[in-house]
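Chemist: Counted from 1, the sequence shown has number 37 at position 24 by this note's numbering; the numbering is strictly sequential.
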Amino acid sequence: EEVLQGDPDYCQFVMQQVPTGDSGAGFRAFADWLGTQDVSAQTLSMGSAGGSGAVSVGKYRGTSYEEVWQGDPDYCQFVMQQASTGDSNRALTAFADWLSAQSVSAQTLS
14 EEVLQGDPDY CQFVMQQVPT GDSGAGFRAF ADWLGTQDVS AQTLSMGSAG GSGAVSVGKY
74 RGTSYEEVWQ GDPDYCQFVM QQASTGDSNR ALTAFADWLS AQSVSAQTLS
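1) Could you tell me if F40 is buried or exposed, where buried requires 16 or more neighbouring beta carbons within 10 angstroms of its beta carbon?
2) Tell me the DSSP secondary structure of S113 in three-state form.
3) Under DSSP, the alpha helix (DSSP H) around S97 begins and ends at which residues?
4) Output yes or no for whether 8 Å exceeds the beta carbon distance between A104 and S69.
5) Buried or exposed, going by whether 16 or more other CB atoms sit within 10 Å of the CB of G66?
6) Which term fits A38, buried or exposed, when burial requires 16 or more other beta carbons within 10 angstroms of its beta carbon?
7) Can you tell me whether F108 is buried or exposed? The criterion is at least 16 other CB atoms within 10 Å of its CB, across all chains shown.
8) Look at the alpha carbon of C89 and the alpha carbon of W82, and state the distance between them as a whole number of angstroms.
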């Protein structure tokens with residue numbers, strides 16, 4: 014459950030890899046457990062980009078997007094800059110996408 018909450022990108026990876034048949038028993042068991050949690054790759058993807066996502070990389074790993082956004086605007090700016098280079102991983106890009114959506118929402122509300 015801790016992995017599901019703290020690293021949805023890894024859980025998405027597990028769900029995508031198991032059908033390929035290139036996984037060990039422990040990996041398949043974890044994927045089976047994820048299946049009992051009514052979790053799909055699509056749900057995980059949406060969750061990591063949605064309002065309840067958690068940062069799964071860097072110094073704020075496991076911290077909610079909202080907490081980081083409210084507490085460390087400099088780090089959020091860094092994430093946005095890194096994501097714009099095109100060399101960032103999916104977890105960083107998902108957080109940057111969420112940050113972008115918050116910026117648009119904040120501007121709309123102003």
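Backbone N, C-alpha and C define an ideal beta-carbon position, used for all residues, glycine too. These numbers come from a predicted model, not from an experiment.
Modeler: Answer, in terms of the structure:
1) As a first step, residue 40 must be located in the sequence shown, where it is residue number 27. F40 comes out exposed.
2) For this step, residue 113 is matched to residue 100 along the sequence shown. S113: helix per DSSP, three-state reduction.
3) Taking the first residue of the sequence shown as position 1, residue 97 is located at position 84. For S97, the uninterrupted alpha helix (DSSP H) segment begins and ends at P86 to S97.
4) Translated into the one-based positions of the sequence shown, residue 104 becomes position 91. Translated into the one-based positions of the sequence shown, residue 69 becomes position 56. By the CB criterion at 8 Å, A104 and S69 fall inside the cutoff.
5) Mapped onto the sequence shown, residue 66 falls at position 53. The residue in question, G66, is buried, as its Cβ has 16 or more Cβ neighbours within 10 Å.
6) Here residue 38 is taken as the residue at index 25 of the sequence shown, counted from 1. It counts as exposed.
7) Within the sequence shown, the letter at position 95 stands for residue 108. A residue is called buried once 16 or more other Cβ atoms fall within 10 Å of its Cβ, and F108 is buried on that count.
8) Position 76 of the sequence shown, counted from the first residue, corresponds to residue 89. Position 69 of the sequence shown, counted from the first residue, corresponds to residue 82. Computed Cα separation, rounded: 6 Å.
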